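Below is one structure; the comments refer to it alone.
Below, the structure is given as structure tokens:
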């Protein structure tokens with residue numbers, strides 16, 4: 009419920025700015041302030057300028073990111089994702105140095121549930137800025153400018169039904185996923201508690217089930233020669 013409210017409020021604010029509707033914008037900002045007890049200062053003059061909305065959220069599930077992408081597509085505005093590709097050990101170390109650190113178990117859970125962006129297999133995740141050790145600010149600025157110049161188009165309604173995926177390919181992917189899951193669980197035992205390993209194994213099984221279902225319905229179409237690489241990226 010909270011997430012759907014956030015999506016709705018942001019969509020209304022952006023729509024009001026696009027339409028240069030000051031009355032609607034003030035109404036949307038007032039609702040935002042009442043709901044979150046935090047004011048957004050957006051002037052009328054801002055509505056005529058290029059604006060970047062930074063959604064500072066974890067968005068660890070692909071479906072969460074897709075929700076924002078759909079809003080961008082609906083409103084015909086630019087969109088891209090920023091992925092901080094950080095090792096779990098580094099994240100834990102940096103968290104320990106914070107004045108108000110987060111429970112380490114929460115970080116472990118987030119890391120386990122994270123579905124990394126994969127533009128090779130998901131078309132809507134092709135515009136991604138990946139940040140590792142250092143930030144390439146020029147690259148970030150170029151991506152922002154590209155998004156201004158190339159707003160998303162409203163997605164057309166599909167009228168054709170895709171043919172079901174060949175079962176032999178799904179079966180091969182199932183075998184590959186099982187092998188990778190086994191390796192990941194063995195590796196996890198070196199840095200996780202028994203309870204965390206069990207939770208991680210359950211998450212991987214859920215992820216495997218979702219991948220296979222997406223393949224069966226052709227939501228995810230993986231060439232046979234790329235099955236092994238795709239499995240590694242998706243898990």
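Numbering (the working numbering), first residue to last: 9 to 243. For glycine and all other residues, C-beta sits at the position ideal for the given N, C-alpha and C. Computed from a predicted structure; not experimentally measured.
Classification of residue i by the beta-carbon crowding that lies within 10 angstroms, buried from 16 upward
i, result
"residue 234", "exposed"
"residue 168", "Low per-residue confidence applies at residue 168: pLDDT is 49, beneath 50, and the placement is therefore not dependable enough to give any value."
"residue 24", "buried"
"residue 156", "exposed"
"residue 22", "buried"
"residue 191", "exposed"
"residue 230", "buried"
"residue 150", "exposed"
Cα-Cα separation between residue i and residue j, rounded to whole angstroms
i, j, result
"residue 196", "residue 242", "17 Å"
"residue 187", "residue 194", "11 Å"
"residue 19", "residue 79", "7 Å"
"residue 152", "residue 77", "15 Å"
"residue 240", "residue 185", "8 Å"
"residue 116", "residue 88", "26 Å"
"residue 139", "residue 61", "18 Å"
"residue 86", "residue 202", "44 Å"
"residue 224", "residue 31", "48 Å"
"residue 51", "residue 64", "21 Å"
"residue 67", "residue 10", "14 Å"
"residue 100", "residue 208", "17 Å"
"residue 37", "residue 47", "7 Å"
"residue 34", "residue 179", "54 Å"
"residue 71", "residue 130", "11 Å"
"residue 57", "residue 40", "21 Å"
Close-in-space but distant-in-sequence residues of the same chain around residue i (CB under 6 Å, 5 per side omitted)
i, result
"residue 119", "96"
"residue 109", "103"
Cβ shell of residue i (< 8 Å), same chain only, five flanking positions each side left out
i, result
"residue 124", "91, 93, 241"
"residue 165", "Reliability fails at residue 165, whose pLDDT of 49 lies under 50, so the model's placement of it is uncertain and the value that follows must be treated cautiously. Correct list: empty, nothing qualifies."
"residue 54", "25"
"residue 81", "87, 160, 161, 162, 163"
"residue 205", "193, 196, 197"
"residue 182", "216, 220"
Whole-angstrom C-beta distance between residue j and residue i, which should lie under 8 Å
i, j, result
"residue 84", "residue 161", "7 Å"
Cross-strand partners of residue i (DSSP beta bridge)
i, result
"residue 89", "136"
Same chain, Cβ closer than 7 Å to residue i, five either side skipped, listed in chain order
i, result
"residue 75", "15"
"residue 127", "133, 134, 136"
"residue 148", "137"
Test: residue i CB closer than 9 Å to a CB of chain C
i, result
"residue 218", "Although the question refers to chain C, the structure presented lacks it and comprises just one protein chain."
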